[in-house]
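Chains as they are written, first to last, in the working numbering: chain A, -8 to 123; chain B, 2 to 494.
Here a beta-carbon is modelled for each residue, glycine too, at the ideal position from N, C-alpha and C.
Bear in mind that the values here come from a model prediction, so they are computed numbers and not experimental data.
Taking it in order: structure first as structure tokens, then the write-up.
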């Protein structure tokens, strides 16, 4: 059975493009356009991995969503790949966890996305999940 | 030293004596006034301070000592020489007790007179010189006091904190701003150790200074003070050096740069946001290009067209965003050239509404406009045009098919009130709150296909604010928004 990926991003075009590439790579893809919709879809769609945009309606909404996922008993283990167009080194210092080192996401990929890299990263994370 | 051209008063009832003395003294270039009665002597002698008074002791109408007394009362330093007959020498001696400088007995030779007058005028010179020096000193002291208080006032008024510390690390001078800036709650006395007063993270600079580590150069550094209030202070500490190169103390100037730091932070946040917003359309364009190269979505003409259309839309949006960014930067730098002139807002609104006719038709929108004629205001045409073009274009973009747009404009007590209402998507309360913020865009499934830079309303608000106007929004989610712009008809300046 195909692995399921949920894309949470507010950019309609990017969702369409990412979806096309992921589907071509053999994944089953569903999408949500904001955090709230995303959290609902996680429960119904039960993805193996979540691709999350760092900023949606409000600054840092992506982090907020990631934090909510991690805090949740059921969905807390789902790996998160965060898409970000803000260079993390100069970016926003957001309180994303109990301390600043606590990182709620498994990996970052910078925008504009290199699609080979995206597929590789997704496969890598899913493989490492299987092993553990 | 003596006075060359002295003013001398001779008081004598004996005309021969009076005129004789006058002539003799005039030969010496002095200027001589005479009085023949005691009353006249007193009147002349107390009206003006002569350099020398020659007073006869026996004047017909009164006692010469009375004239002396009155003159001395008026001018205590006046030099009075008593002219007297041998017979009354005792009385003359007596007069020296009353303040007479000397006496001369009649008859006397011209040489005797010249000798005595010479000595008396020498004395007068010393008196005047002493007086001059005294006055000058007083004036200087006044000046110094004045200068001191002036400098003090300047130091106390300066918006930077100033503290001066001597070699013994004692505070010798400070201003109220210093106390306020560091929120020092104890009373500072001259001689207090600077380290007892300053917060700890400021000690280092003074330590370095006193240890001579800075080789007697100034230290400039940003210091963050956490308590009692969080402040960022630029501290500029400079040694005070005397001519032989010794350090006498240290002067420190403290400037509150918290606000600048805050602006700095806002600026970098803005840059981050801008970078994010610039990358978003680029990401989409790149994605579509990749899809086209990859032929992921198949090779149909339809799919090519769709991807290229979307790419073009995102490119257009990117260009608008860059234009808006440039606009904001120009507005903030104040380099926008404005041509303020009376403009007919009624006309402008009517034309703008007409301009959008086709766009409204495309979405089957009905228009209800009620624009009062001759609404004239002072403004830059281009800026005002931008405000209303943007609002009407938003009312179309965020409307629903078959919706309605209402444009109202009327005079309102020195202001013009323009209302543009739509029956469109509307705003959620939390969206409304952030509406005028840079890069904010209402994002929900209904706005998914609407492009915008997130800067339009920010720029509008900046424009309206710059005319001392106001922009307000009322809105209900899924039923529509009403934007009200209130602009003054006249601009001061």
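Segments of 3+ residues assigned as beta strand (DSSP E) that fall wholly inside the stretch 286 to 368 of chain B:
The qualifying runs are 341 to 345.
Enumerate, from N- to C-terminal direction, the unbroken beta strand (DSSP E) stretches of 3 or more residues contained entirely within the stretch 205 to 263 of chain B.
Fully enclosed beta strand (DSSP E) runs of 3 or longer: 220 to 226, 232 to 242, 248 to 257.
Between residue 238 of chain B and residue 207 of chain B, which are expected to be in contact by the criterion C-beta below 8 Å, what is the C-beta distance as a whole number of angstroms?
Here residue 238 of chain B really is in contact with residue 207 of chain B; their C-beta atoms are around 7 Å apart, less than 8 Å.
Assuming residue 122 of chain B contacts residue 7 of chain B (C-beta within less than 8 Å), just tell me the rounded distance between them.
Right, their Cβ atoms sit about 5 Å apart.
For a cutoff of 7 Å on Cβ pairs, would you count residue 232 of chain B as touching chain A?
For residue 232 of chain B, the answer is no, since every Cβ of chain A falls outside 7 Å of its Cβ.
Identified DSSP bridge partners for residue 420 of chain B:
Note: residue 420 of chain B sits in a beta bridge opposite B:409, B:485.
Spatial neighbours of residue 160 of chain B within its chain, please: CB distance less than 7 Å, with the 5 preceding and 5 following residues excluded, ordered by chain position.
Correct list, in chain order: 178.
I'd like to know whether the C-beta of residue 2 of chain A is nearer than 7 Å to at least one C-beta of chain B.
With 7 Å as the cut-off, residue 2 of chain A counts as an interface residue toward chain B.
Output needed for residue 189 of chain B: all residues of its chain with C-beta closer than 8 Å, excluding positions within five of it in sequence on either side, in chain order.
Excluding sequence neighbours, residue 189 of chain B sits near 172, 175, 180, 198.
Interface residues of chain A facing residue 434 of chain B [CB-CB closer than 8 Å]:
When 8 Å is used as the limit between beta carbons, residue 434 of chain B is near no residue of chain A, the shortest such separation being about 11 Å.
Consult DSSP for residue 101 of chain A and reduce its assignment to one of helix, strand or coil.
In the three-state reduction of the DSSP assignment, residue 101 of chain A falls in the strand class, which pools E and B.
Enumerate in chain order the residues of its own chain whose CB-to-CB distance from residue 13 of chain B is below 6 Å, with the five nearest sequence positions on each side excluded.
Hits under 6 Å: 19, 57.
So, using beta-carbon positions, are residue 126 of chain B and residue 4 of chain B closer together than 7 Å?
Result yes, Cβ atoms of residue 126 of chain B and residue 4 of chain B sit closer than 7 Å.
Tell whether a beta-carbon distance below 7 Å holds between residue 320 of chain B and residue 345 of chain B.
No, Cβ-Cβ distance for residue 320 of chain B and residue 345 of chain B is not below 7 Å.
With residue 90 of chain B and residue 79 of chain B assumed to form a contact (beta carbons below 8 Å), what rounded beta-carbon distance in angstroms separates them?
Not confirmed; about 22 Å, so no contact.
Can you tell me the Cα-Cα spacing of residue 452 of chain B and residue 260 of chain B, whole angstroms?
Straight across, the Cα-Cα distance linking residue 452 of chain B with residue 260 of chain B is about 35 Å.
CA-to-CA distance, residue 473 of chain B to residue 485 of chain B, given in whole angstroms:
Distance from the CA atom of residue 485 of chain B to the CA atom of residue 473 of chain B, rounded to whole angstroms, is 5 Å.
Considering only C-alpha positions, which residue in the set B:365, B:374, B:414, B:352 is nearest to residue 387 of chain B?
Cα-wise, what sits closest to residue 387 of chain B is B:352.
Looking at residue 288 of chain B and residue 8 of chain A, is the spacing between their C-beta atoms short of 7 Å?
Yes, they are a contact pair.
8 Å Cβ cut-off: residues of chain B touching residue 96 of chain A:
Contact note: residue 96 of chain A does not reach chain B at a C-beta cutoff of 8 Å; the least C-beta distance is about 17 Å.
Is the distance from the Cβ of residue 94 of chain B to the Cβ of residue 55 of chain B below 7 Å?
Not closer than 7 Å, so no.
Please name the residues in the stretch 284 to 301 of chain B whose beta-carbon is closer than 9 Å to at least one beta-carbon of chain A, in chain order.
Those would be 284, 285, 286, 287, 288, 289, 291, 292, 295, 297, 298, in chain order.
Per-residue DSSP class, three states only, for residue 168 of chain B
Reduced to three states, the DSSP call for residue 168 of chain B is coil.
Just to confirm the assignment, what range does the alpha helix (DSSP H) spanning residue 140 of chain B have?
Per DSSP, residue 140 of chain B belongs to the alpha helix (DSSP H) from 111 to 158.
Going along the chain, which residues of the stretch 236 to 261 of chain B sit with their C-beta nearer than 8 Å to a C-beta in chain A?
Identification of residues in the stretch 236 to 261 of chain B having a C-beta nearer than 8 Å to some C-beta of chain A yields an empty set.
Tell me the rounded alpha-carbon separation between residue 245 of chain B and residue 209 of chain B.
So the two alpha carbons sit approximately 21 Å from each other.
In or out: residue 291 of chain B buried (at least 16 other Cβ within 10 Å) or exposed?
Burial call: buried.
Proximal residues to residue 230 of chain B (C-beta, below 7 Å), its chain only, five neighbours per side dropped
Correct list, in chain order: 184.
Of the residues that make up the stretch 3 to 14 of chain A, which ones have a beta carbon closer than 9 Å to any beta carbon in chain B?
If the cut-off is 9 Å between Cβ atoms, the stretch 3 to 14 of chain A has 3, 4, 5, 7, 8, 9, 11, 12, 14 near chain B.
Cβ closer than 9 Å: which chain A residues qualify as neighbours of residue 339 of chain B?
For the C-beta of residue 339 of chain B, not a single chain A residue is nearer than 9 Å; the gap to the nearest is close to 33 Å.
Specify, as a first and last residue, the run of the beta strand (DSSP E) that residue 58 of chain B falls within.
Counting along the chain, residue 58 of chain B falls outside any beta strand (DSSP E), and DSSP gives it neither H nor E.
When the Cα atoms are used, what is the spatial distance from residue 489 of chain B to residue 97 of chain A?
Note on geometry: alpha-carbon atoms of residue 489 of chain B and residue 97 of chain A lie some 55 Å from one another.
Is any beta-carbon of chain B found at less than 7 Å from that of residue 108 of chain A?
At least 7 Å separates the CB of residue 108 of chain A from every CB of chain B.
Chain B residues whose Cβ lies nearer than 8 Å to that of residue 111 of chain A
Those within 8 Å of residue 111 of chain A in chain B number zero; the least Cβ separation is about 15 Å.
Would you kindly check if the distance between the Cβ of residue 315 of chain B and the Cβ of residue 285 of chain B is under 7 Å?
Taking a C-beta distance under 7 Å as the contact criterion, residue 285 of chain B and residue 315 of chain B qualify as a contact pair.
Three-pair Cβ contact test at 8 Å for the stretch 134 to 144 of chain B versus the stretch 59 to 69 of chain B
Here the stretch 134 to 144 of chain B does not lie against the stretch 59 to 69 of chain B, with fewer than 3 beta-carbon pairs under 8 Å apart.
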